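Numbering (this note's numbering), first residue to last: 73 to 528.
Note that beta-carbon positions come from the ideal geometry of N, C-alpha and C, so glycine has one too.
For clarity, every value in this text was computed on a predicted model and none was experimentally measured.
Presented below is the structure to which this report refers.
Below, the structure written as structure tokens:
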């Protein structure tokens, strides 16, 4: 990779980092509003999100609650963007080579395995045991948002590491949701969906870039996933999986290669400049229009559909999708109420403990193991104490953890509320602990480097 290409990659990463962290404040406000609303008038909160919205247009018929429209619809868009990020990272980003990808992949695997082991160690029984996937998750927006609060003191290598780790973690969450948190299936719908995904995959291989094709067939695939459950819409293979699979079919190769972009634009400009000008004309000539079309084509097609869609959707995800999801799902009840339901139980403690200690131990130990075995190289100037700080930030499950909890405890509102309490508590402890530990360790790393000593 050339120096110029590396600078472009870093510039893109920095824009991505800024975009992700920019929405964390709005997400926090929506979460606070949901908690206040749920505790001031819990009945209204539940009634609002469980009110039914029915859409019946020709062959398209769906009748679901607002809560399901958000979790199966808006979150499918969120996972679609996650899928685009995963594909980009594996094709041309921090996960594009084993040397680059090995450390965050090992760390993410540890950050998923150890929390699950910790959760099972609490010996929960029945429905309560279904939430084992909850502490596996990492909230990329909040974790990077807290890392961003530490400013320029954080080396870019650590920002890249945490981002790549969170993306691999998202991929793990997608697999867990697909394999363990779906209901009984109507396979006919899924077979049709698979066939349509095959059509999109062929279109991708032929570099067909008409987004109308991907949008229309993508919507049909999402609809087939929605109705794939025997027990009604949203009860089968979760629709968010459709979002990820559709994202994998979006073309990542531009029509105009980067090396041909400037020559093509310059050719159009020269062509436009050579056309005889008439100062009395108010409109362009046919030749001038042809030159403008040539320039416009190059500008549009130098960016692949994958990059174009990802760029367009990031703001929508940060400003609308995640805050709305938080408003509809984060309404945890903090008091027992008239029915005497337990607020903080063993489920809460198991999730909080697994998020905090499972993540920090899993991420740090597996990172150390990867370096020790020679599979990976630790970034220069960063200590293992700083990695432990990143491991704590990985314990901020929040959005993803709440989402998995809503799937795991669909039939038990009391356990779901306990799970949310555990997610809140674990995420807060992990976030504050990670911030303080990183603040100390990064300052210590700087001091050690200034003395000319090796950071360990």
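If you drop the 5 nearest sequence neighbours on each side, which residues of the same chain put their C-beta closer than 6 angstroms to that of residue i?
i           : result
residue 190 : 426, 430
residue 337 : 367, 370
residue 519 : none
residue 96  : 213, 214, 217
residue 59  : Lying before the first or after the last residue shown, residue 59 is absent from the chain, which here runs from 73 to 528.
residue 76  : In this prediction, residue 76 has a pLDDT of 48, which is less than 50 and means its spatial position is unreliable; what the coordinates show is noted afterwards. So no residue of the chain qualifies.
residue 303 : 255
residue 184 : 208, 244
residue 328 : 370, 373, 374
residue 262 : 300
Enumerate in chain order the residues of its own chain whose CB-to-CB distance from residue i is below 7 angstroms, with the five nearest sequence positions on each side excluded.
i           : result
residue 450 : 443
residue 146 : 393, 396, 397
residue 243 : 158
residue 412 : The predicted model places residue 412 with a pLDDT of 44, which falls under 50 and marks its position as unreliable, so this point remains unresolved.
residue 109 : 117, 403
residue 275 : 285
residue 192 : 204
residue 517 : 453, 454, 455, 458, 527
Would residue i and residue j qualify as a contact pair, given that the criterion is a beta-carbon distance under 7 angstroms?
i           : j           : result
residue 205 : residue 246 : no
residue 153 : residue 389 : yes
residue 325 : residue 376 : yes
residue 202 : residue 255 : no
residue 199 : residue 487 : yes
residue 465 : residue 215 : yes
residue 502 : residue 428 : yes
residue 176 : residue 240 : yes
residue 385 : residue 155 : no
residue 293 : residue 250 : no
residue 374 : residue 333 : yes
residue 166 : residue 226 : no
residue 527 : residue 461 : no
residue 148 : residue 311 : yes
residue 340 : residue 318 : no
residue 439 : residue 179 : yes
residue 138 : residue 128 : no
residue 472 : residue 113 : no
What whole-angstrom Cβ distance do residue i and residue j have, given they're in contact under 8 angstroms?
i           : j           : result
residue 330 : residue 420 : With a Cβ gap of about 51 angstroms, residue 330 and residue 420 do not count as contacting.
residue 222 : residue 497 : So it is not a contact: roughly 23 angstroms between Cβ atoms.
residue 499 : residue 470 : 5 angstroms
residue 423 : residue 495 : 6 angstroms
residue 237 : residue 219 : About 11 angstroms separates the two Cβ atoms, so there is no contact after all.
residue 323 : residue 281 : 5 angstroms
residue 209 : residue 476 : 6 angstroms
residue 98  : residue 391 : 6 angstroms
residue 441 : residue 196 : So it is not a contact: roughly 28 angstroms between Cβ atoms.
Can you pull the DSSP bridge partners for residue i?
i           : result
residue 135 : 126
residue 257 : 301
By Cβ distance below 8 angstroms, which residues in the same chain neighbour residue i in space, the five residues on each side in sequence not counted?
i           : result
residue 356 : 364
residue 144 : 136, 298, 305, 306, 310, 311, 312
residue 150 : 312, 315, 389, 393, 394, 397
residue 521 : 453, 527
residue 140 : 305, 306
residue 253 : 205, 310, 476, 479, 480
residue 258 : 299, 300, 301, 302, 308
Should residue i be counted as a contact of the ligand MG given a C-beta to heavy atom distance under 6 angstroms?
i           : result
residue 135 : Only the bare structure without any ligand can be found here, which leaves the ligand MG out of the picture.
Q) Is the region 394 to 403 touching the region 96 to 106, taking contact as three or more C-beta pairs under 8 angstroms? A) Yes: at least three Cβ pairs fall under 8 angstroms.
(Q) Would the region 131 to 140 count as touching the region 289 to 308 if we require 3 or more Cβ pairs under 8 angstroms? (A) In short, these stretches touch, since the Cβ pair count reaches three.
**Q.** Stretch pair the region 511 to 520 + the region 431 to 439: three plus CB contacts closer than 8 angstroms
**A.** No: fewer than three Cβ pairs fall under 8 angstroms.
(Q) Within 8 angstroms, do at least three Cβ pairs link the region 182 to 199 to the region 263 to 272? (A) Segments in contact, no.
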